[in-house]
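Step one of this worksheet: look at the structure below.
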């Protein structure tokens, strides 16, 4: 019985169903890729758009930006405006919680046209916070944090350094670029002296929450296996059970054995342990 492996194999299949195929060496970390995909995917619902007072864009981008705005306000699907590289690590999002949206005029092959121009934004359940207009490659610009600090400081309040005095932040763009390249969570010092320390990225580049989730679920499934084994041994009818984790189409989890008929509904405890880490 290896319930964690069964769960991990299920995540690999779910990723494949969404067009993300993992290499063999990547499958052992399917948890990272699956929850990264879920974290980047935007739920379809209406959102209020917040625009900073200094937001500007050239007239030639009006159609693309207005199309995206309309979708946001009407609660339509805006995932086609995100990156095509669903398996690639999005360090901008993992470290600063910032998503980038392409604003071409047309949708082709399920994705918006790539024209170079991007809208950076932080997306919450009911709100869409525009940060500014950027170009492809502007993933580490300190201006991004300056904008959030100036217009939406409450979104990054938890990362503000207040308990340590005289902390040395990486104030130059070169230092920030190098830190991001090495997946280092270094302090960022802004023009007014405020320092933010984003602690969201592991050295692998993945969101640290998914690293913690993997470790937590490995331990959880080990405890569940022990409980199932003890339950089986108490009943002569189920002693030869070879249990696996089965997941139904409606997201129900069962530890079961077809040969003996043993079945345990693990839906509630599995969902509870996943949510503990999200």
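In this note's numbering, the protein residues as written are 56 to 333. Just so it is clear, CB atoms sit at the ideal spot from N, CA and C, and this is done for glycine as well. All values reported here derive from a predicted model rather than from experimental measurement.
Look up residue 302 in the DSSP assignment and give the residues it is bridged to.
-> For residue 302, which the question treats as bridged, DSSP gives the partners 308.
Residues bridged to residue 262 [DSSP beta-bridge criterion] | 256
What does residue 167 pair with, by DSSP beta-bridge criteria?
-> 162
Measure the alpha-carbon distance for residue 98 versus residue 180 and round it to whole angstroms.
-> Roughly 8 angstroms between the two C-alpha positions.
Return the chain-ordered ranges of every alpha helix (DSSP H) run that is complete within the stretch 172-230 and spans a minimum of 4 residues.
-> 197-206
Around the C-beta of residue 261, are 16 or more other C-beta atoms found within 10 angstroms, so that it is buried, or is it exposed?
-> buried
Measure the C-alpha to C-alpha separation of residue 151 and residue 79 and round it to an integer number of angstroms.
-> For residue 151 and residue 79, the distance between alpha carbons rounds to 30 angstroms.
Leaving out five residues before and five after residue 263 in sequence, what residues of the same chain have Cβ atoms less than 8 angstroms from its Cβ?
-> 254, 255, 256 and 257
Pick out whichever of 147, 163 and 193 has its Cα sitting closest to the Cα of residue 177.
-> 147
Using CA coordinates, which residue listed in 170, 62, 276 and 91 is at the minimum distance from residue 333?
-> 91
Residue closest to residue 243, alpha-carbon to alpha-carbon, out of 236, 230 and 237 = 230
Span separating the alpha-carbon of residue 311 from that of residue 204 | 51 angstroms
Specify whether the stretch 108-124 and the stretch 67-85 touch according to this definition: at least 3 beta carbon pairs, one from each stretch, less than 8 angstroms apart.
-> no
From 135, 182 and 68, residue whose alpha carbon lies closest to that of residue 102 | 182
Does the stretch 107-118 come within contact of the stretch 133-146, defined as at least 3 CB pairs closer than 8 angstroms?
-> no
Reference residue 119, options 172, 265 and 313, closest by Cα = 172
Taking 8 angstroms as the cut-off, decide whether the C-beta atoms of residue 319 and residue 327 are in contact.
-> no
Opening and closing residue of the alpha helix (DSSP H) in which residue 318 lies | Where residue 318 is concerned, there is no enclosing alpha helix (DSSP H), although the beta strand (DSSP E) it sits in stretches over 318-320.
Within 10 angstroms of its Cβ, does residue 93 collect 16 or more other Cβ (buried), or is it exposed?
-> exposed
Report all residues from its chain with a CB closer than 8 angstroms to the CB of residue 65; omit the five preceding and five following residues, and keep chain order.
-> 300 and 302
Between the CA atoms of residue 77 and residue 85 - distance to the nearest angstrom | 8 angstroms
Report back the beta-carbon spacing between residue 207 and residue 184 to the nearest angstrom; my notes put them in contact at under 8 angstroms.
-> 5 angstroms
Measure the alpha-carbon distance for residue 130 versus residue 315 and round it to whole angstroms.
-> 48 angstroms
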